[in-house]
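Only one structure is covered here, and it is reproduced in the block below.
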Amino acid sequence: MASLGELAALVLVAVLWGGTNPFLKQGTEGLEKVKRGTQSLQLLAEIKFLCLNYKYVVPFVLNQCGSLVYYLTLASTDLTLAVPLCNSLALIFTLATGKLLGENIGGARAAVGMLLTTLGVGLCIAGSGGEEP
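In the numbering used here, the protein residues as written are 249 to 381.
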């Protein structure tokens, strides 16, 4: 069974990944207006736009911190728990953060999906307590 610290670290990863996704989306607003003549200049202009935009850089750095915590946590956590837990909870945190920011997340069907995801995560955590062969 995963320790409380490992579960907390995995939930932190999910918060950092899922909670930053809507902010990353907001941070890229206006990127489509960046226009240059050649593909290489276009790429450089888009990179400059993103790197100088704090609304993109701050969530990006937090998101990458989540990846670092995930990488460090994988050393002591079972993959069969870490992967579904982080990815499914990240989805829930993305939907919740999006809703708080006023995005349309899909109504009742999204709420049912979040409930089913939460139940699945609970089963993953409960099932991780078995003895290893």
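Backbone N, C-alpha and C define an ideal beta-carbon position, used for all residues, glycine too.
Exposure of residue i, with buried meaning 16 or more beta-carbon neighbours within 10 Å
i    : result
A285 : Per the sequence presented here, residue 285 reads as Gly, with Ala not at that position. G285 is exposed by the Cβ-count criterion.
Y304 : buried
V369 : buried
S336 : buried
Under the three-state DSSP convention, the category residue i falls into
i    : result
E294 : helix
E277 : coil
G314 : helix
T286 : coil
L300 : coil
A374 : helix
A250 : coil
Residues near residue i by beta carbon distance below 8 Å, same chain, minus five either side
i    : result
L279 : E294, F297, L298
P332 : G368, V369, C372
I340 : A262, G266, M362, T365, T366
C234 : With the chain covering 249 to 381 only, the question about residue 234 has no answer from this structure.
Candidates the options, of which the one nearest residue i by Cα
i    : options                : result
L272 : V306, A250, A256       : V306
E254 : Q290, S324, G275       : S324
Y302 : Q290, V317, Y318, E277 : E277
A257 : K347, A338, A344       : A338
Beta-carbon proximity list for residue i, same chain, < 6 Å, skipping 5 on both sides
i    : result
L349 : P270
Alpha helix (DSSP H) segments (min. 4 residues) lying fully within the segment 319-365: 327-348
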